[in-house]
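Asker: Sequential numbering of the sequence shown, starting at 632, is according to my numbering.
For glycine and all other residues, C-beta sits at the position ideal for the given N, C-alpha and C.
This one's a predicted model, so the numbers in the text were calculated from it and none came from an experiment.
Just dropping this structure here.
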Amino acid sequence: MKHRMNSHFSLTDAQICRFREEGYIALDRITSDEEVERVRGIFDGLFANSAGRERGHHFDLAGLDEEGRPPVLPQILNPVEFAPELAEIEFRGAALAIARQLLGPEAEPWFEHAILKPPGYGAPTPWHQDEAHRSDGGVDYEQVSVWMPLQEATVENGCMQFIPKSHCGSVLTHRSLGDDPRMMALECVGEFERAQAVPCPLAPGGATVHHARTLHHAGANTTDIPRRAYILAFRGKMTPNPAFHGFRWNSEKSTAAQARQTAWKNRGGVAGRTARRARALLAQARQKVSRFLRR
Ligand code: NI
């Protein structure tokens, strides 16, 4: 059964105004308790089964990602690839509607991720601006992220914390966590006032929305329940920016997940790459033929 996409979700003028001024907003309700529970079950399965690890989509954000060591901040990139039922959830439609209200009608889904902060030892997410993760040079665009916890989010289990109005400044200097290029996470080492941080605790079914330039972090999980969150990122209209070539701190990175991704792409050697390329071309040709026949 297909679930109805909640594409009519609407922010109030006051919420839009607050987002523009502060760089983030917190929403009491973006989807139903039932959906939160369902997504939580899906996520727990994906994390338990190491979904995406082999291809470098599942890694430790704040550790060295070594085999046989429990990750302190596991993350799955684009979990919908491993659980297609996530494509139909109402949260997705509501988040897209929010992104279009904030970035304009051209806003489109960009990427998504699942984060787990394990109980008791889940590591803090360092202070950063999402924009500092960009490595796609040559273009400019605005980006917003919709962050939905899959249980209560509190200061004690690592709810989101924002620096108000930080989206009005520039991208500050970042580096790999602990200045170790083997770490996936970035930490901001530029000047900003940490004491201004505003925590955003949420009940299940709520969400925060933040601009890609807004400084944010989340504390460690000191409780005895896992803290899971689903984050959908959206990209606004793209404009050319030939002067932007990506950030130094990203080109320096050399993580275990990157190595797994490269090995995955090269699996089977030349024969494997050729077979996958042939399959992709065949699929493209089939699509062209079926489009032609539908005319
Ligand atoms: Ni972030």
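Just tell me which of P757, V711, A826, W895 has its CA closest to the CA of A745.
Answerer: In the sequence shown, the residue the question calls residue 745 occupies position 114. Closest option to A745, Cα to Cα, is V711.
Asker: Out of A902, V920, P871, point me to the one whose CA is closest to E773's CA.
Answerer: Looking up residue 773 in the sequence shown gives position 142. For E773, the nearest C-alpha among the options comes from P871.
Asker: Taking 7 Å as the cut-off, is the C-beta of H847 nearer than that to any heavy atom in the ligand SAH?
Answerer: Among the ligands present in this structure, namely the ligand NI, the ligand SAH is not found.
Asker: Assuming contact is defined by CB atoms lying nearer than 8 Å, are D675 and P835 in contact in what I supplied?
Answerer: Along the sequence shown, one-based indexing puts residue 675 at 44. Along the sequence shown, one-based indexing puts residue 835 at 204. Not in contact: D675 and P835 (Cβ atoms no closer than 8 Å).
Asker: On a Cα-Cα basis, can you pick out the residue from R844, M815, D761 that is closest to G687?
Answerer: For the purposes of this step, residue 687 is identified with residue 56 of the sequence shown, where counting begins at 1. Cα-wise, what sits closest to G687 is M815.
Asker: Taking buried to mean at least 16 other C-beta atoms within 10 Å of its own C-beta, is Q827 buried or exposed?
Answerer: Within the sequence shown, numbered from 1, the residue matching residue 827 stands at position 196. Exposed, because fewer than 16 other Cβ atoms sit within 10 Å of the Cβ of Q827.
Asker: Classify S663 as helix, strand or coil using the three-state DSSP reduction.
Answerer: Against the sequence shown, residue 663 aligns to sequence position 32. Reduced to three states, the DSSP call for S663 is coil.
Asker: Would you report the Cα separation of H634 and A902, rounded to the nearest angstrom?
Answerer: Residue numbering aside, residue 634 sits at position 3 when the sequence shown is read from its first letter. Residue numbering aside, residue 902 sits at position 271 when the sequence shown is read from its first letter. In this prediction, H634 scores a pLDDT of 44, lower than 50, which makes its location untrustworthy; no coordinate-derived value is stated.
Asker: May I ask you to report which of helix, strand or coil DSSP gives C819?
Answerer: Translated into positions along the sequence shown, residue 819 becomes position 188. DSSP places C819 in strand when its eight states are reduced to three.
Asker: Start and end of the beta strand (DSSP E) containing S776?
Answerer: Numbered from 1 along the sequence shown, position 145 holds the residue referred to as residue 776. First-last of the beta strand (DSSP E) with S776: 774-780.
Asker: Tell me, please, which residues DSSP counts as bridged to T870.
Answerer: Along the sequence shown, read from residue 1 onward, the residue named residue 870 stands at position 239. In DSSP, T870 forms a bridge with D771.
Asker: Do you know offhand how far L913's Cα is from E719's?
Answerer: Taking the first residue of the sequence shown as position 1, residue 913 is located at position 282. Taking the first residue of the sequence shown as position 1, residue 719 is located at position 88. Spanning the two alpha carbons is a distance of roughly 28 Å.
Asker: Would you call the CB atoms of G821 and L833 closer than 8 Å?
Answerer: On the sequence shown, position 190 is the one that residue 821 refers to. On the sequence shown, position 202 is the one that residue 833 refers to. No. Outside cutoff.
Asker: Based on the DSSP secondary-structure assignment, which residues constitute the bridge partners of I862?
Answerer: Here residue 862 is taken as the residue at index 231 of the sequence shown, counted from 1. Bridge partners of I862: H744, W778.
Asker: Looking at P857 and E653, is the spacing between their C-beta atoms short of 8 Å?
Answerer: Here residue 653 refers to the residue found at position 22 when the sequence shown is read from its first residue. Here residue 857 refers to the residue found at position 226 when the sequence shown is read from its first residue. No, these two residues do not count as a Cβ contact at 8 Å.
Asker: For I729, report the span of its alpha helix (DSSP H) as first-last.
Answerer: Counting from one through the sequence shown, the residue named residue 729 turns up at place 98. Start and end: 721-734.
Asker: Can at least three beta-carbon pairs, one atom from the stretch 871-890 and one from the stretch 764-778, be found at a separation below 8 Å?
Answerer: Touching, yes.
Asker: Our contact map puts T853 next to M791 with C-beta atoms below 8 Å; I'd like the distance itself, whole angstroms only.
Answerer: What you label residue 853 is simply residue 222 of the sequence shown in a count that begins at 1. What you label residue 791 is simply residue 160 of the sequence shown in a count that begins at 1. T853 to M791, Cβ: 16 Å. No contact.
Asker: Classify A784 as buried or exposed, calling it buried when 16 or more other Cβ atoms lie within 10 Å of its own Cβ.
Answerer: Residue numbering aside, residue 784 sits at position 153 when the sequence shown is read from its first letter. With 16 or more Cβ atoms within 10 Å of its Cβ, A784 is classed as buried.
Asker: Determine the direct distance from the alpha carbon of T905 to that of H639, and round the result to whole angstroms.
Answerer: The residue you call residue 639 lines up with position 8 of the sequence shown. The residue you call residue 905 lines up with position 274 of the sequence shown. Cα-Cα distance, rounded: 44 Å.
Asker: To the nearest angstrom, how far is the alpha carbon of T893 from that of D811?
Answerer: By 1-based counting over the sequence shown, the position of residue 893 is 262. By 1-based counting over the sequence shown, the position of residue 811 is 180. So the alpha carbons of these two residues sit roughly 20 Å apart.
Asker: Return the chain-ordered list of same chain residues with a C-beta closer than 7 Å to the C-beta of A888, the five sequence neighbours on each side being excluded.
Answerer: As a first step, residue 888 is located in the sequence shown; it is residue number 257 there, counting from the start. If we look at A888 and ignore the five residues flanking it on each side, its Cβ neighbours are G687, F690, D696, M815.
Asker: So, does the CB of Q732 fall closer than 8 Å to a CB anywhere in chain B?
Answerer: Structure shown: chain B not included; a single protein chain is present.
Asker: If we ignore side chains and look at the alpha-carbon of each, how far apart do M632 and H798 end up?
Answerer: Within the sequence shown, the letter at position 1 stands for residue 632. Within the sequence shown, the letter at position 167 stands for residue 798. Any reading at M632 must be qualified, since the residue scores a pLDDT of 39, below 50, and its modelled position is unreliable; no value is offered.
Asker: To the nearest angstrom, how far is the alpha carbon of E818 from that of L924?
Answerer: Indexing the sequence shown from 1 puts residue 818 at position 187. Indexing the sequence shown from 1 puts residue 924 at position 293. Cα-Cα distance, rounded: 52 Å.
Asker: Please classify S928 as buried or exposed, where buried requires at least 16 neighbouring CB atoms within 10 angstroms.
Answerer: With the chain represented from 632 up to 926, any question about residue 928 goes unanswered, as that position is not in the structure.
Asker: So what's I707 in DSSP terms, helix, strand or just coil?
Answerer: Residue 707 sits at position 76 when you count from the first residue of the sequence shown. I707: strand per DSSP, three-state reduction.
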